[in-house]
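**Q**
Residue numbers (my numbering): 8 to 524.
Okay, here's the thing in structure tokens:
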């Protein structure tokens with residue numbers, strides 16, 4: 008579904024991100040002949056905007072160095088420079104440390120406590136770390152940190168790296184949102200491209216949206232995906248859990264054999280099996296026969312499970328010839344329809360299975376290297392990742408179904424048709440990968456051919472959804488009268504006695520129609 012060569016992003020490790028950061032620091036240091044420590048402070052001060060740093064240094068270097076705390080502070084004439092005690096805890100010793108720009112000395116313990124409390128443990132990064140003395144603006148840079156403990160040096164490095172990543176956040180660098188993943192994505196394009204920005208494939212196998220950081224949600228927008236997860240999905244689940252009125256009627260009522268109206272069955276009738284309907288008709292709630300059919304004592308020995316059978320037998324010979332028809336109409340349910348929620352849940356299961364297969368393959372390669380060539384392993388890995396992408400797309404196409412075809416049955420049927428074909432292709436491709444994995448020698452031609460078929464199918468699938476399923480031409484017939492109703496999908500004229508379109512539902516008719524064309 009994605010062309011690796013044309014991907015406008017790169018997946019980087021944290022070490023590679025550090026190298027990018029160090030490269031920016033080195034460039035500033037070399038151009039203006041300043042230390043890398045000072046270059047780091049300047050970049051943090053101007054939020055890692057290299058162009059702005061270059062511009063400010065070129066305009067007035069002295070002013071920028073003063074604003075950022077990289078110029079020596081004028082010493083207070085009242086300050087005792089011979090004092091060798093810590094400025095916070097008053098500890099006396101030779102290991103006191105100050106910045107290169109001021110004389111406020113602290114012991115390592117106080118430095119660690121100051122940095123941890125005010126910077127390292129704070130969620131939001133500051134643009135600069137200044138001297139602990141509140142009246143001093145001297146900058147604390149790497150040249151000061153390197154004199155502290157190893158832990159402080161590691162925490163400072165993480166702090167600077169976090170500052171660099173936050174500056175790039177939403178611009179060109181983002182961390183993969185998958186739990187436990189340390190990979191970082193670098194976006195190369197100046198502006199986001201709709202074709203690619205919704206589908207970032209990390210090396211950990213996670214596929215997510217560059218804009219909103221949710222999992223990849225093609226073919227719906229970021230707002231649609233957010234609304235679905237936060238509102239629509241919960242609403243549909245709540246509707247499913249809500250008891251159905253029809254279910255309550257079936258459980259707590261019995262249909263009158265005279266008029267077919269449901270009659271409520273309360274606790275009293277558990278002892279008295281005869282019900283009286285609003286139409287004045289009386290019948291047994293077990294066998295649906297009148298009281299006269301129960302003899303002198305009125306006992307009924309018919310089991311509840313045979314009530315419909317008893318009713319059908321009685322109504323066929325009873326005085327009301329239309330009662331059976333009415334009951335059948337009331338009891339007759341529409342053919343079971345698969346809801347968008349059901350499809351979403353099933354697609355989620357298939358997606359998890361595809362991810363598990365990818366993880367199992369990676370573990371098997373690490374634990375037990377196979378005889379396959381490196382190129383063959385890469386082909387299988389990319390094939391399994393393609394299955395994950397396809398499954399994820401099919402999952403979110405259920406949301407498209409909910410949003411755009413709820414009131415257009417013709418388009419919904421066509422979308423379900425495309426989904427079923429796509430699922431069949433993915434299942435076949437997944438089976439082929441499994442067979443090739445177990446084989447001693449990889450048949451690359453077969454896999455490449457199936458990969459091309461899936462790629463072409465999903466390309467046209469995505470295009471069809473983007474165009475609003477325009478292939479479906481449903482015409483409107485206002486004020487149409489006559490002995491026929493017109494199908495909104497194929498426009499075939501059906502008799503009013505037909506509940507479903509004969510052309511769409513009758514496979515023989517469809518085949519004959521195609522042959523006649």
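Using N, Cα and C, we set each Cβ at its ideal position, and we do this for glycine too.
As the structure is a computational prediction, the values presented were derived from the model and not from experiment.
List the endpoints of the continuous alpha helix (DSSP H) containing residue 46.
**A** Along the chain shown, read from residue 1 onward, the residue named residue 46 stands at position 39. It spans 43-52 - the alpha helix (DSSP H) in which residue 46 sits, taken as one unbroken run.
**Q** Leaving out five residues on either side along the sequence, give the residues of the same chain with a beta carbon under 6 Å from the beta carbon of residue 181.
**A** Counting from 1 along the chain shown, the entry for residue 181 is found at position 174. Taken in chain order, the residues that qualify are 192.
**Q** Three or more C-beta pairs under 8 Å: does that hold for the stretch 282-289 against the stretch 257-272?
**A** Output reads yes: the stretch 257-272 touches the stretch 282-289.
**Q** Please specify which runs of the alpha helix (DSSP H), each continuous and at least 4 residues long, are wholly inside the stretch 339-375, giving them in chain order.
**A** Here the runs fully enclosed are 347-374.
**Q** Using CA atoms only, rank isn't needed, just tell me which of 362, 419 and 417 is closest to residue 391.
**A** For this step, residue 391 is matched to residue 384 along the chain shown. The candidate whose alpha carbon is nearest that of residue 391 is 362.
**Q** Between 153, 51, 39 and 428, which has its C-alpha nearest residue 172's C-alpha?
**A** Your numbering for residue 172 matches position 165 in the chain shown. The candidate whose alpha carbon is nearest that of residue 172 is 51.
**Q** When DSSP labels each residue in this structure, what does residue 291 get in the three-state scheme?
**A** The residue given as residue 291 occupies position 284 in the chain shown. It is a strand residue.
**Q** Which value, in whole angstroms, describes the spacing of the CA atoms of residue 312 and residue 292?
**A** As a first step, residue 312 must be located in the chain shown, where it is residue number 305. As a first step, residue 292 must be located in the chain shown, where it is residue number 285. Unreliable positioning characterises residue 312 in this predicted model, as indicated by a pLDDT of 41, which lies under 50. The coordinate reading is nonetheless provided below. Roughly 11 Å separates the two Cα atoms.
**Q** When the distance is taken between beta carbons, is residue 288 closer than 7 Å to residue 263?
**A** On the chain shown, residue 263 is found 256 positions in, with the first residue counted as 1. On the chain shown, residue 288 is found 281 positions in, with the first residue counted as 1. The answer is yes: Cβ separation under 7 Å.
**Q** According to the neighbour-count rule (16 or more other Cβ atoms, all chains shown, within 10 Å of its Cβ), is residue 467 buried or exposed?
**A** Residue numbering aside, residue 467 sits at position 460 when the chain shown is read from its first letter. By the 10 Å Cβ count, residue 467 comes out exposed.
**Q** Look up residue 261 in the DSSP assignment and give the residues it is bridged to.
**A** What you label residue 261 is simply residue 254 of the chain shown in a count that begins at 1. Looking at the DSSP assignment, residue 261 forms a beta bridge with 270.
**Q** Going by the beta-carbon positions, is the gap between residue 402 and residue 354 smaller than 7 Å?
**A** The residue labelled residue 402 in the question sits at position 395 within the chain shown. The residue labelled residue 354 in the question sits at position 347 within the chain shown. Yes, Cβ-Cβ distance for residue 402 and residue 354 is below 7 Å.
**Q** What is the rounded straight-line gap between the Cα of residue 122 and the Cα of residue 458?
**A** Counting from one through the chain shown, the residue named residue 122 turns up at place 115. Counting from one through the chain shown, the residue named residue 458 turns up at place 451. Using only the alpha carbons, I get a separation of about 54 Å.
**Q** Counting only the same chain and skipping the five closest in sequence on each side, list residues whose C-beta sits under 8 Å from that of residue 94.
**A** As a first step, residue 94 must be located in the chain shown, where it is residue number 87. The answer, listed in chain order, is 111, 112, 113, 117, 139 and 140.
**Q** Nearest CA to the CA of residue 396: which residue from 449, 469, 450 and 79?
**A** One-based indexing of the chain shown puts residue 396 at position 389. If we check each option's Cα against that of residue 396, 469 comes out closest.
**Q** In angstroms with no decimal places, state the Cα-to-Cα distance between residue 29 and residue 39.
**A** The residue labelled residue 29 in the question sits at position 22 within the chain shown. The residue labelled residue 39 in the question sits at position 32 within the chain shown. Taking the straight line joining both Cα atoms gives about 16 Å.
**Q** Are there 16 or more other CB atoms within 10 angstroms of the CB of residue 109, so buried, or fewer, so exposed?
**A** For the purposes of this step, residue 109 is taken as the residue at position 102 of the chain shown. The residue is buried, with at least 16 neighbouring Cβ atoms inside 10 Å.
**Q** Judging by CA-CA distance, which residue of 300, 65, 349 and 158 is the nearest neighbour of residue 127?
**A** Within the chain shown, the letter at position 120 stands for residue 127. That would be 158, whose Cα lies nearest to the Cα of residue 127.
**Q** Taking the CB atoms as reference points, tell me whether residue 25 and residue 32 lie closer together than 7 Å.
**A** Position 18 of the chain shown, counting from 1, holds the residue named residue 25. Position 25 of the chain shown, counting from 1, holds the residue named residue 32. Cβ atoms of residue 25 and residue 32: not closer than 7 Å.
**Q** When you compare the CB positions of residue 106 and residue 145, do they come within less than 7 Å of one another, or not?
**A** The residue given as residue 106 occupies position 99 in the chain shown. The residue given as residue 145 occupies position 138 in the chain shown. Contact: yes.
**Q** Round the Cβ separation of residue 47 and residue 149 to the nearest angstrom and send it over; I've been treating them as touching at under 8 Å.
**A** As a working note, residue 47 is residue 40 in the chain shown. As a working note, residue 149 is residue 142 in the chain shown. That pair is a contact at about 6 Å.
**Q** According to the Cβ coordinates, are residue 421 and residue 356 closer than 7 Å?
**A** By one-based count along the chain shown, residue 421 stands at place 414. By one-based count along the chain shown, residue 356 stands at place 349. Not closer than 7 Å, so no.
**Q** Would you identify the three-state DSSP class for residue 181, choosing helix, strand or coil?
**A** Mapped onto the chain shown, residue 181 falls at position 174. Three-state DSSP puts residue 181 in a strand.
**Q** Label residue 267 either buried or exposed according to how many other C-beta atoms from any shown protein chain fall within 10 Å of its C-beta, with 16 as the threshold for buried.
**A** For the purposes of this step, residue 267 is taken as residue 260 along the chain shown, with counting starting at 1. Counting Cβ neighbours within 10 Å, residue 267 comes out buried, since at least 16 surround it.
**Q** May I have the straight-line CA-CA distance separating residue 188 from residue 20, to the nearest angstrom?
**A** As a first step, residue 188 is located in the chain shown; it is residue number 181 there, counting from the start. As a first step, residue 20 is located in the chain shown; it is residue number 13 there, counting from the start. Rounded to the nearest angstrom, the two C-alpha atoms are 10 Å apart.
**Q** Taking just the CA atoms, how far does residue 393 sit from residue 169?
**A** Sequence index remark: in the chain shown, residue 169 carries index 162 (1-based). Sequence index remark: in the chain shown, residue 393 carries index 386 (1-based). Using only the alpha carbons, I get a separation of about 32 Å.
**Q** By the three-class DSSP mapping on this structure, what secondary structure does residue 464 have?
**A** As a position in the chain shown, residue 464 is number 457, starting the count at 1. In the structure shown, residue 464 sits in a helix (DSSP, three-state: H, G or I).
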